[in-house]
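Asker: Just passing along the structure, written as structure tokens.
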Amino acid sequence: MRLSQLIGQRLHEAPRDAQTASHVFLMRGGFVRPLSTGIYSLLPLGRRVTARVEQIIREEMDRIRGQEILMPLVQPQELWEESGRAQAIGPELLRFRDRNDKPMVLAMTHEEAVVHLVRSDVTSYRQLPFMVYQIQIKYRDEARPRAGLIRVREFTMKDAYSFHADTESLDEFYLRVHEAYERIFRRVGLRECVSIESDTGMIGGSMSHEFMALAECGEDVIFMSPDGRYKANRDVAVSGVAFRKTEPRTLEKVHTPGRKTIEEVADFLGITPAETGKAVFYATPDGRLVFAMVRGDFEINETKLCNLLRTPELTFANDEQIRAVGAEPGYASPIGLDSTQITVVVDRSVAESSNLVVGANEPDYHQKNFNFERDLPAGATVADIATVRPGDPCPVTGEPLIMKHGIEVGNIFKLGTKYSEAMNCRFLDRNGRSRPMIMGCYGIGVGRTMAAVVEQAHDDFGPVWPMSIAPFHAHLIAINPGKGSVGEEAEKLYTELRETGVEVLYDDRGEKAGAAFFDADLIGCPIRLIVSPRTVKAGQVELKLRNGSRRDVLPRGDIVAEVRSIVEAELARLTP
RNA sequence: CGGGGCGUAGCGCAGCCUGGUUAGCGCGACUGCUUUGGGAGCAGUAGGUCGCGAGUUCGAAUCUCGCCGCCCCGACCA
32 MRLSQLIGQR LHEAPRDAQT ASHVFLMRGG FVRPLSTGIY SLLPLGRRVT
82 ARVEQIIREE MDRIRGQEIL MPLVQPQELW EESGRAQAIG PELLRFRDRN
132 DKPMVLAMTH EEAVVHLVRS DVTSYRQLPF MVYQIQIKYR DEARPRAGLI
182 RVREFTMKDA YSFHADTESL DEFYLRVHEA YERIFRRVGL RECVSIESDT
232 GMIGGSMSHE FMALAECGED VIFMSPDGRY KANRDVAVSG VAFRKTEPRT
282 LEKVHTPGRK TIEEVADFLG ITPAETGKAV FYATPDGRLV FAMVRGDFEI
332 NETKLCNLLR TPELTFANDE QIRAVGAEPG YASPIGLDST QITVVVDRSV
382 AESSNLVVGA NEPDYHQKNF NFERDLPAGA TVADIATVRP GDPCPVTGEP
432 LIMKHGIEVG NIFKLGTKYS EAMNCRFLDR NGRSRPMIMG CYGIGVGRTM
482 AAVVEQAHDD FGPVWPMSIA PFHAHLIAIN PGKGSVGEEA EKLYTELRET
532 GVEVLYDDRG EKAGAAFFDA DLIGCPIRLI VSPRTVKAGQ VELKLRNGSR
582 RDVLPRGDIV AEVRSIVEAE LARLTP
């Protein structure tokens, strides 16, 4: 490709909207352009990168016997009513009507479509197991897109679905997909990418892992032990904090005028937040009230609480609801609540501590010396509902947990029979008995992976692409091409490189050297070749690696072979 | 959906408070000449519904009201 012909202007300055490194450089380098909030076009450079990412994914899916298919983006809403998700999913699912007034949706994932496809085609255990996948656009009407390509509304995703006769088969295949994902993320050049156990969320199922590319701008929070043996999403992470009980003292009411928050109460009484109990009232969508309590120095993890209560969401209860069960907002106590009207959940940190300060269910009063076993003898659930804090001991190694941010580039789920049962996707087993198929599903965000790579591999001047997904292997610059035979020499080299299979971006514009170098940095190809009056005269070509590891002047006759060998070595290095 | 910010040329911005000719600047683009190893110089050119719509006024980029769009924080999120 000739740079003079390439569509996608490089920008000297980043658009004001661009905040993260990947957003800035993908914009400045001419890889992507925004069309609307969270909706982007890919320019030729960006498309070349995503095409390479897709090809790597394709190869690894094929390696585990995946069969590529393509399912529709536009789907009738009735299909989503079959699975129950038309009701379960909120405005994130974009609904509209076609010209015949038929309710339609834009698919945000393809469980329904793939089940629809498979249930009429696969009927026997002899056909199981198998996996189909596609690389296709999804649309999610995100409440708030952010960080450029990290969180968007329209995006390309590889989604794969496996179908099994029994859970052993799914378990076995799940591990194979896990391995395939490790290969994929290694091959695309993500340096720090960990798989962590995660919450299954709205997609359901029994087990799931998220593949997290570690990056400061990531939205997800991960807790890891220093040796990496333990790693988990914040929503499932547990800490190994040890609590200590002491001799229970007598309950005692204390006057705490106007002190509602943990900090105010602890300050006023001259104690630490760890000596208090934090109470929060929630309401579930079906109208249940929940009283949740953690020790004052912890935070409640709503995801853990939701999972415990088997509810899709929790909202804060209002003062009216709180007073209706005999509690006082800001001074709430679990003591004396009517357990027929409210579910009481107490974190381990409360159950295993002694003599905490809690509310008195009376304005301006708290109670000292709350002891769970003595003061709440029945009707309360004890569970882990607290969010882990950085520095808490690891439950496995005991070392202080490290908190990291990550970009979720992929995930894998054991779905089980959630969709096959709801949508009647069944097969006949060996004994002629009809049974629902057991499913797994596996996603990778293509654009997000590209952005994650840039987050992990860039310098002040632009991205430093791994060879495997770089838009071109090499960036050839002719400096002063009008002088002597420089232009012809560069053209010859351009042709020779392409003939040996090297993908080359050729800067034939004749810009000043400085300008050409800045553009090359901004585009970020791994190998830079320079042909100039100086090198032509010496019968040489300059070679520089974008990552800064090498800068050489080589004989003209050696350069093509050398470039080829660098490309091959780099690709080999990235292949497990 | 709550809070905040911003919409003026492809990109970055000034002008707005205090209304007043043909709306500026830098970068980028185009033409020519000179340049050519880390964003060159000179000369010239093109490029604007000042987000949209009402209103106030002799006169609106500027003041008022409404709407739209975009970004950030939060809520939310297979």
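Every number in our numbering is 31 more than the matching position in the first sequence, counting from 1. Glycine is no exception: its CB is placed at the ideal position from the N, C-alpha and C atoms.
Which of helix, strand or coil does DSSP assign to F242?
Answerer: Note: F242 maps to strand in three-state DSSP.
Asker: With three or more C-beta pairs closer than 8 Å as the rule, is the segment 353-371 touching the segment 322-334?
Answerer: These segments touch.
Asker: I want to know whether the segment 40-60 touches the segment 175-191 - three or more CB-CB distances under 8 Å.
Answerer: Touching, yes.
Asker: By DSSP, does Q40 sit in helix, in strand, or in coil?
Answerer: It is coil, neither helix nor strand.
Asker: With P25 as the anchor, note down where its beta strand (DSSP E) starts and where it stops.
Answerer: Limits of the chain in this structure are 32 at one end and 607 at the other, which puts residue 25 out of reach.
Asker: Measure how close the beta-carbons of L432 and F254 come, nearest whole angstrom, since I'm counting them as under 8 Å.
Answerer: L432 to F254, Cβ: 5 Å. Contact.
Asker: For S516 and T566, I'd like the C-alpha separation in whole angstroms.
Answerer: If you take the alpha carbons of S516 and T566, they lie about 11 Å apart.
Asker: Which residues does DSSP pair with T412 in a beta bridge?
Answerer: Per DSSP, V376.
Asker: L605 by DSSP, collapsed to three states: which one?
Answerer: Looking at L605 - three-state DSSP - the assignment turns out to be helix.
Asker: With burial defined as no fewer than 16 other Cβ atoms inside 10 Å of the residue's Cβ, what is the status of A411: buried or exposed?
Answerer: A411 is buried by the Cβ-count criterion.
Asker: Rounded C-beta distance between P75 and L37? I'm assuming under 8 Å.
Answerer: Confirmed, Cβ separation roughly 6 Å.
Asker: If you draw a straight line from the C-alpha of M233 to the C-alpha of R128, how long is it?
Answerer: Only weak support is given to the placement of M233: the predicted model assigns it a pLDDT of 49, under 50, and the value that follows is read from those uncertain coordinates. If I take the Cα positions, the gap works out to 25 Å.
Asker: Assess contact between the segment 52-59 and the segment 93-100, defined as three or more Cβ pairs (one per stretch) separated by less than 8 Å. Is contact present?
Answerer: No: the two stretches stay apart, fewer than three of their Cβ pairs being nearer than 8 Å.
Asker: Applying the 10 Å Cβ sphere with the 16-neighbour rule, what's the burial state of D369?
Answerer: Exposed: under 16 other Cβ atoms inside 10 Å.
Asker: Since R184 contacts G60 with CB under 8 Å, what's their CB separation in whole angstroms?
Answerer: Not quite, the Cβ-Cβ distance comes to about 23 Å (not below 8 Å), so this is no contact.
Asker: Buried or exposed: which applies to S114, given that a residue is buried once 16 or more other Cβ atoms fall within 10 Å of its Cβ?
Answerer: Classification for S114: buried.
Asker: Since P65 is in the beta strand (DSSP E), which residue starts that stretch and which ends it?
Answerer: From DSSP, the beta strand (DSSP E) with P65 extends over 63-67.
Asker: When you compare only the Cα positions, how much space is there between Y164 and D298?
Answerer: Between Y164 and D298, the C-alpha separation is close to 58 Å.
Asker: In this structure, does DSSP put I469 in helix, strand or coil?
Answerer: Residue state, collapsed to three classes: strand.
Asker: Would the beta-carbon of M454 fall within 8 Å of that of V146?
Answerer: Closer than 8 Å, so yes.
Asker: Let me know the secondary structure DSSP gives A191 once reduced to three states.
Answerer: Here A191 sits in strand by DSSP.
Asker: Alpha carbon to alpha carbon, what distance is there between Q158 and T374?
Answerer: Cα to Cα, the separation comes out at about 47 Å.
Asker: Excluding five sequence neighbours on each side, which residues of the same chain lie with their C-beta closer than 7 Å to the C-beta of R540?
Answerer: Cβ within range, chain order: L34, S35.
Asker: Please state the DSSP three-state secondary structure of S72.
Answerer: Residue state, collapsed to three classes: strand.
Asker: In whole angstroms, what separates the C-alpha of D197 from that of R461?
Answerer: Cα to Cα, D197 sits roughly 12 Å from R461.
Asker: Residues in its own chain within less than 7 Å of E359 by CB, not counting five upstream and five downstream?
Answerer: Excluding positions up to five away in sequence, the list reads G390, N392, E393, P394.
Asker: Would you tell me roughly how many angstroms separate the C-alpha atoms of A273 and T307, rounded to the nearest one?
Answerer: The alpha-carbon atoms of A273 and T307 are separated by roughly 16 Å.
Asker: Note down, one range per segment and in chain order, each alpha helix (DSSP H) of at least 4 residues found wholly within the segment 346-403.
Answerer: If we require 4 residues or more, the alpha helix (DSSP H) runs fully inside the segment 346-403 come out as 350-355, 379-382.
Asker: With a threshold of 16 other CB atoms inside 10 Å of the CB of E142, please say whether the residue is buried or exposed.
Answerer: E142 should be labelled buried.
Asker: Is R209 helix, strand or coil by DSSP?
Answerer: The residue asked about is misnamed: residue 209 is His in this sequence, not Arg. H209: helix per DSSP, three-state reduction.
Asker: Would the beta-carbon of F329 fall within 8 Å of that of D378?
Answerer: Yes.
Asker: Tell me whether L507 sits in a helix, a strand or coil according to DSSP, three-state version.
Answerer: Note: L507 maps to strand in three-state DSSP.
Asker: Tell me the rounded alpha-carbon separation between A244 and G478.
Answerer: Rounded to the nearest angstrom, the two C-alpha atoms are 13 Å apart.
Asker: Could you spell out where the beta strand (DSSP E) holding K449 opens and where it closes?
Answerer: From DSSP, K449 is part of no beta strand (DSSP E) but of the alpha helix (DSSP H) over 449-453.
Asker: Hey, would you say V572 sits closer than 8 Å to V419, going by beta carbons?
Answerer: Contact: no.
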